[in-house]
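Taken in order, these protein sequences are the chains called A and B.
The working numbering applies: residue 596 is where the first sequence begins, and numbers increase by one.
The working numbering applies: residue 1451 is where the second sequence begins, and numbers increase by one.
Working notes, beginning with the structure itself.
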Amino acid sequence: MSRLIDVENLTLQFDTDEGRITAVDDVSFSLDAGKIMGLVGESGSGKSVTAKSLMKLNPRNAVYGENTKITLHLDDGPVDVMSLQNDHEMKVVRGGSISLIFQEPMASFAPAISIGDQMIEQLLIHTSFSKSQAKEVSIEMLDRVGISDPSMRFSQYAFELSGGMRQRAMIAMALSTKPKLLIADEPTTALDVTIQAQVIDLMKDLVTEFGMGIIFITHDLGVIAQTADNVAVMYLGRLVEQGTVRDVIRSPAHPYTRGLLAALPTLDDIDAPLTPIPGDIPSPLERPSGCVYNTRCQEFIGPRCSAKVPVFSQIDAGHAAACHLYDRAGDAE
Amino acid sequence: MSRKPLIAAQNLSVHYRLRGGLIGPIPFVRAVENVSLEIAPGSFFGLVGESGSGKTTLGRAMLRAAPISQGDVLFDDGEVAYSLKNLGKKELKDYRKRAQLIFQDPYAALSPRMTVRDIIAEPLEVMGLTKSRAETDERVREIAVKCRLNVEHLRRFPHAFSGGQRQRISIARALVSGPKFIVADESVAALDVSIQADVLNLLKAIQEDMGLTFLFISHDLSVVAHVCDHVAVMYLGRLVETAPTRTLFSGPRHPYTKALLSAIPSLDPDDRGKAQKLEGEIPTPTNPPPGCKFQTRCPVAIERCRIEEPVLESAGTEHNVACHRWKELFS
Ligand SMILES: Nc1ncnc2c1ncn2[C@@H]1O[C@H](COP(=O)(O)OP(=O)(O)OP(=O)(O)O)[C@@H](O)[C@H]1O
Ligand SMILES: Nc1ncnc2c1ncn2[C@@H]1O[C@H](COP(=O)(O)OP(=O)(O)OP(=O)(O)O)[C@@H](O)[C@H]1O
Ligand code: SF4
Ligand SMILES: [Mg+2]
Ligand SMILES: [Mg+2]
């Protein structure tokens, strides 16, 4: 399996009126071609910001940490994303090799331009297709994502489509450039479960068919269980657990992951109590010292948790958690 | 139903007129069509269905906040008995005190320029339920404590609060007039799982403590399974199945209910591909299909389904289903 992207020590801060806030803190992960990685975490944990960083799409007030290194492995060799400066250089990642499906479906389509014209425009920018080829590819893509009567839909506007159809059109547009990496930011959150199931199926088919890698962002662990190969759990800008979907969901190691699962209503046991994680997620202006989760942790093991940032410890092959519970070196101190 | 219902919809229809063309009949949306439903006092009654199925409209009609086109809604809390279709001005004012809505979006629902105290107090003041400021303050404090809000925070503005706290503020506001019946419309949909669990636990605790009756609207069946005692499933303005929660989740009888349950992503990674997939989307209510409204997507539809609309019939204790084929498919 070939490596698609390596993210090393991604740190991202924002300059705001209230001061500099840390949105992503020393995050590292990798993704292979043909795999789906689920990125989960509560609202504000930094999932969208992480995703946008892979295309350097964050706004001007973003400050990347100096050790941040993002390497995209393309057919022509590796690309160092952080070193890309201007729009011309960015062309290699934006729209061509990496596609992003935004969290808010309406935001991805301009209201006054038809779906088809937007798809064509995008293809003309990022490929060497002629206009008629671009139209052909676009209609074919709409068909591929299961939109019936694609040539009719092609000339419609985003507001004329239902939520589910708009989401599919967005996926069609994101896929028309045949990206190597697809970043899907909450692509099913606004959808009914029935339509969500259709979109999930579609994404899995696409991985098989095109061999692309997908980073699937969601706060829904059920969706992750049904789609992802690997999972990364994020809390307050830090990754706290990584592993295969089976390991993370069946044997969660980090207290935060365990907390998320205990709070989740499931149909397996409808009498099970719902156990919320105590307290509120701290403001990014008041990030706790030590382990970022220590203020809410049910398994707090003493001053170490509030003093020292835990590093990843291996739990099993391919399964790791950043928690002092597993920090053998820490025991010796 | 053993006990007398607190609130009951009887053949209730809500139709909205659309601005139509100049020629031909004025098109209208049958948002709710011939719905009959009884909610017992003290029940936590769930209402589920896809977007556009008419959940909000039904909830609003039960609050007399949507037009009742046909049928009626009867409310009887032991103190008063109302026919909502025929409410006088004074009665309507009284009904507003007894039936309240908790909004979906805690961000949009709260005015940013009012303090938490003023937001919670507003219904008391608008309805003239308290005689003095001191009495208002007392009521606000009481309800804030019940909703686990810090009374020290009553002087603050809502933007300073997290999503979960804001939702508690809207709950307090809905409860302050001492209602008997609450419609909670997607009240936890915008919240993270942990905060959602917290708000759900709070709603259940308050319901038991204050003896309230809830209509809990949600598109999340897992949530409904955990908090509701009865569930009604809606499709294109109609009820297709109603049952006690346990019955509905262990033995759904309507093909739509089955499909909805099956589409919920399981937490077990080894369940992949097991879901029975529902193709297509819910039709628009301006142009509903003939016969059973679900026939365009139903995996087991037969000729009869395309012609004749099934009616809700008994499929067991408190269990009703509207499908031509449930008996042969489940016996
Ligand atoms: N342009 C910006 N300027 C300042 N702060 C920002 C900016 N964009 C994001 N943030 C902050 O960065 C943090 C992470 O935000 P992000 O949108 O990545 O969260 P998320 O995990 O995607 O949440 P959600 O599930 O709600 O989408 C938040 O505290 C957010 O307020
Ligand atoms: N004021 C209105 N005027 C015209 N049509 C309306 C009005 N309110 C609702 N509708 C229509 O009635 C139907 C039912 O809408 P409703 O909002 O009750 O559905 P819902 O089940 O609550 O959906 P959601 O899950 O998206 O909230 C929809 O087709 C909607 O477009
Ligand atoms: S009546 Fe027919 S179409 Fe409707 S749900 Fe039953 S089998 Fe399906
Ligand atoms: Mg986000
Ligand atoms: Mg609604």
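Beta carbons are placed, not taken as given, at the ideal position from N, Cα and C, and that holds for glycine.
With distances taken from CA atoms, which of the options is nearest residue i?
i: Y659 of chain A; options: A:S597, A:T617 and A:D671; result: A:T617
i: G711 of chain A; options: A:R763, A:L920, A:K647 and A:S746; result: A:S746
i: L1679 of chain B; options: B:L1689, B:F1666, B:G1687 and B:R1688; result: It should be pointed out that residue 1679 of chain B corresponds to Asp in this sequence rather than to Leu. Comparing Cα positions, the closest option is B:F1666.
i: G1578 of chain B; options: B:R1606, B:V1626, B:L1560 and B:F1607; result: B:V1626
i: R689 of chain A; options: A:L649, A:P873, A:A705 and A:F704; result: A:L649
i: M544 of chain A; options: A:R761, A:I693, A:T784 and A:F811; result: Residue 544 of chain A is absent from the model: chain A starts at 596 and stops at 928.
i: K1543 of chain B; options: B:F1553, B:Y1532 and B:I1552; result: B:Y1532
i: L1599 of chain B; options: B:E1588, B:T1586, B:G1613 and B:R1618; result: B:R1618
i: R1546 of chain B; options: B:Q1520, B:V1576 and B:V1566; result: B:V1576
i: Y851 of chain A; options: A:D866, A:R833 and A:I819; result: A:R833
i: Q713 of chain A; options: A:F697, A:Q698 and A:K730; result: A:K730
i: V1649 of chain B; options: A:D780, A:L859 and A:T783; result: A:L859
i: S1764 of chain B; options: B:V1690, B:K1727, B:R1754 and B:R1696; result: B:V1690
i: K661 of chain A; options: A:K651, A:G636, A:M677 and A:L667; result: Sequence check: residue 661 of chain A is Glu here, not Lys. Of the listed residues, the one whose Cα sits closest to E661 of chain A is A:M677.
i: S1644 of chain B; options: A:I693, A:D911, A:I872 and A:D842; result: A:I872
i: E1483 of chain B; options: B:E1759, B:N1536 and B:L1717; result: B:E1759
i: S692 of chain A; options: A:G672, A:S709 and A:R761; result: A:G672
i: R1703 of chain B; options: B:G1741, B:R1688, B:H1669 and B:V1683; result: B:V1683
i: T784 of chain A; options: A:L777, A:V794 and A:Q893; result: A:V794
i: D610 of chain A; options: A:L737, A:K630, A:D621 and A:R655; result: A:R655
i: F1699 of chain B; options: A:R853, A:T861 and A:L831; result: A:T861
i: P1705 of chain B; options: B:E1488, B:R1583 and B:W1776; result: B:W1776
Cβ-heavy atom distance between residue i and ligand 6 below 8 Å?
i: Q762 of chain A; result: No copy of ligand 6 occurs in the structure displayed; its ligands are ligand 1, ligand 2, ligand 3, ligand 4 and ligand 5 alone.
Start and end of the beta strand (DSSP E) containing residue i?
i: H657 of chain A; result: Contrary to the premise, residue 657 of chain A reads as Ala rather than His in this sequence. From DSSP, the beta strand (DSSP E) with A657 of chain A extends over A657 to Y659.
i: D1648 of chain B; result: That residue, D1648 of chain B, is in no beta strand (DSSP E); its alpha helix (DSSP H) goes V1643 to M1660.
i: L599 of chain A; result: R598 to T611
i: T1586 of chain B; result: Unbroken run through T1586 of chain B is the alpha helix (DSSP H), R1583 to K1596; no beta strand (DSSP E).
i: P1694 of chain B; result: R1688 to P1694
i: F1525 of chain B; result: Q1520 to D1526
i: M1684 of chain B; result: H1680 to Y1685
i: G808 of chain A; result: G808 to T813
i: F564 of chain A; result: Here chain A comprises residues numbered 596 to 928, so residue 564 of chain A is not present and cannot be evaluated.
i: S1620 of chain B; result: Looking at the DSSP string, S1620 of chain B is not in any beta strand (DSSP E); the run it does join, the alpha helix (DSSP H), is G1613 to L1625.
Using the DSSP secondary-structure output, state which residues sit across from residue i in a beta bridge.
i: S908 of chain A; result: A:A916
i: S638 of chain A; result: Paired residues: none, contrary to the question.
i: Q1726 of chain B; result: Q1726 of chain B is not bridged to any residue.
i: S1533 of chain B; result: B:L1524
i: F1631 of chain B; result: B:A1549 and B:T1663
i: S1764 of chain B; result: B:N1770
i: N825 of chain A; result: A:M632 and A:T839
Where does the unbroken alpha helix (DSSP H) through residue i begin, and where does it stop?
i: V788 of chain A; result: V788 to F805
i: S692 of chain A; result: It is not in any alpha helix (DSSP H) - S692 of chain A carries neither H nor E in the DSSP assignment.
i: T1707 of chain B; result: P1705 to A1713
i: D1568 of chain B; result: V1566 to M1577
i: A1675 of chain B; result: L1671 to V1677
i: A769 of chain A; result: G758 to L770
i: L718 of chain A; result: I710 to H721
i: Q728 of chain A; result: K726 to R739
i: V676 of chain A; result: Looking at the DSSP string, V676 of chain A is not in any alpha helix (DSSP H), and its letter there is neither H nor E.
i: T666 of chain A; result: That residue, T666 of chain A, is in no alpha helix (DSSP H); its beta strand (DSSP E) goes K664 to L669.
i: A820 of chain A; result: L816 to T822
i: D682 of chain A; result: D682 to M685
i: I1757 of chain B; result: E1753 to I1757
i: A1639 of chain B; result: Unbroken run through A1639 of chain B: none, as it is neither H nor E.
i: R748 of chain A; result: P745 to F749
*asked:* What are the residues in the region 621-643 of chain A lying within 7 Å of chain B by C-beta distance?
replied: Taking 7 Å as the cut-off between beta carbons, the residues of the region 621-643 of chain A near chain B are E637 and S638, in sequence order.
*asked:* Could you tell me which whole beta strand (DSSP E) segments of length 3 or greater appear in the region 1474-1516 of chain B?
replied: 1478-1489 and 1494-1498
*Closer than 9 Å, Cβ to any Cβ of chain B: which residues of the region 807-822 of chain A, in chain order?*
Going along the region 807-822 of chain A in chain order, one finds H814, D815, L816, G817, V818, I819, A820, Q821 and T822 with a Cβ nearer than 9 Å to chain B.
*According to a CB-to-CB cut-off of less than 9 Å, which residues of the region 1669-1695 of chain B neighbour chain A?*
H1669, D1670, L1671, S1672, V1673, V1674, A1675, H1676, V1677 and T1695
*Inside the region 831-879 of chain A only - alpha helix (DSSP H) runs reaching at least 4 residues*: 840-845 and 850-858
*Along the region 791-808 of chain A, what residues have a CB closer than 8 Å to any CB found in chain B?*
Q791, A792, Q793, I795 and D796
*With 7 Å as the C-beta to C-beta threshold (strictly closer), list the residues of the region 823-849 of chain A near chain B in chain order.*
V840, R841 and I844
*Contact list for the region 1611-1632 of chain B against chain A, Cβ threshold 8 Å*: S1612, G1613, G1614 and Q1615
*Give, in chain order, every residue of the region 707-736 of chain A whose Cβ lies closer than 9 Å to some Cβ of chain B.*
none
*asked:* Under 8 Å, CB to CB, which of the residues in the region 1632-1651 of chain B have a partner in chain A?
replied: D1642, V1643, S1644, I1645, Q1646, A1647, D1648, L1650 and N1651
*Going along the chain, which residues of the region 1723-1753 of chain B sit with their C-beta nearer than 7 Å to a C-beta in chain A?*
A1725, K1727, L1728 and E1731
*Can you list, in chain order, the residues of the region 757-777 of chain A whose Cβ is nearer than 8 Å to any Cβ on chain B?*
S757, G758, G759 and M760
*Quick one, which residues of the region 852-871 of chain A are near chain B if we go by CB-CB under 7 Å, in chain order?*
G854, L855, A858, L859, P860, T861, L862, I865, L869, T870 and P871
_Residues from the region 1704-1718 of chain B in contact with chain A, defined by Cβ distance under 9 Å_ = A1709, L1710, L1711, S1712, A1713, I1714, P1715, S1716, L1717 and D1718
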